[in-house]
Amino acid sequence: MTDPAASRERAKGDHVDRLRQQWKRELPDLDTEPMAILGRAYRLSNLVRPSIEATFADFGLDRGEFDVIGTLRRSGPPYRLTPTELYTSLMISSGGLTHRLVRLEKAGLILREKSPRDGRSVLVVLTETGQVLAEKAFRADMANESAYLRALNLKERETLEGLLRKLVTGIEDDLARKEEPDSRAD
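The C-terminal residue of the sequence shown carries number 186 in the UniProt record's numbering, and the numbering is unbroken.
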């Protein structure tokens, strides 16, 4: 038995299908298959981003601030990392992290303490308030994101997850190879 709503959706296509049809009309020799996948990934991101941002805003956070306290929370007890560990994990600049840390410290969600091993280095520590807020915000985010997946059954979710993982790791590998120094230049 087929889902009538899904059948209607397949019959009319989606936004990306319409874009591809327009490009096919204008540039019939060009293969737009990459747009079928990456265009949908981009569109999906744009569709869900406002709701995700609103979820974090309900907790007085922006996405970047949640990323910091979420990273500290998922690191496990004692919920502390060096700034380098944080910005490497978050894939942001040290300057971008500093601005977030200032805001989070003012809000009482983190502390910056001198490292007991080396009095010159700093550790970013998630406060108890930060721990509670990170968990509540993450639970709300997962409930919100789960609602978006209702159109897929469990098997479809598992298949999509595996395919996306394969695509992401392939792209990451390609980018890493491009960043490696060319050994032939010697």
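In this text, a Cβ means the ideal position worked out from N, Cα and C, and glycines have one as well.
Computed from a prediction, not measured in an experiment: that's the story for all the values here.
What did DSSP end up calling E113 once you bin it into helix, strand or coil?
Here E113 sits in strand by DSSP.
Determine, using beta carbons only, whether V48 and P78 come nearer to each other than 9 Å.
Result no, Cβ atoms of V48 and P78 do not sit closer than 9 Å.
Helix, strand or coil: how does DSSP classify R120 here?
If DSSP states are grouped into helix, strand and coil, R120 belongs with coil.
In this structure, does DSSP put S183 in helix, strand or coil?
Because the pLDDT at S183 is just 48, under 50, the model does not fix this residue reliably, and the value given afterwards should be weighed accordingly. DSSP places S183 in helix when its eight states are reduced to three.
Classify G130: buried if its beta carbon has 16 or more other beta carbons within 10 angstroms, exposed otherwise.
Classification for G130: buried.
Please name the residue in S45, R43, G70 whose C-alpha comes closest to that of F56.
Among S45, R43, G70, the Cα nearest to that of F56 belongs to G70.
Which term fits L149, buried or exposed, when burial requires 16 or more other beta carbons within 10 angstroms of its beta carbon?
Exposed: under 16 other Cβ atoms inside 10 Å.
With E113 and V102 assumed to form a contact (beta carbons below 8 Å), what rounded beta-carbon distance in angstroms separates them?
Actually they are not in contact, since the Cβ atoms of E113 and V102 sit about 15 Å apart, beyond 8 Å.
Could you tell me if Y42 is buried or exposed, where buried requires 16 or more neighbouring beta carbons within 10 angstroms of its beta carbon?
Y42 is exposed by the Cβ-count criterion.
For S94 and T84, what's the separation of their Cα atoms in angstroms?
If you take the alpha carbons of S94 and T84, they lie about 7 Å apart.
With burial defined as no fewer than 16 other Cβ atoms inside 10 Å of the residue's Cβ, what is the status of A137: buried or exposed?
Buried, by the Cβ-count rule.
Would you mind giving the Cβ-Cβ distance between L81 and L72, rounded to the nearest angstrom? I have them listed as a contact below 8 Å.
Between L72 and L81 the Cβ distance is about 6 Å, and since that is below 8 Å, they are a contact.
What are the boundary residues of the alpha helix (DSSP H) that includes D17?
Run containing D17: 15-26, per the alpha helix (DSSP H) assignment.
Take the Cβ of L109 as the centre, count every other Cβ of all protein chains shown within 10 Å, and call the residue buried at 16 or more, exposed below.
Label assigned to L109: buried.
Check the DSSP bridge columns for R80 and list the partner residues they point to.
R80 is bridged to V125.
What whole-angstrom Cβ distance do E105 and L97 have, given they're in contact under 8 Å?
Between L97 and E105 the Cβ distance is about 12 Å, and since that is not below 8 Å, they are no contact.
Report the rounded CA-to-CA distance for S75 versus L27, giving the unit in angstroms.
Approximately 49 Å, taken between the alpha carbons.
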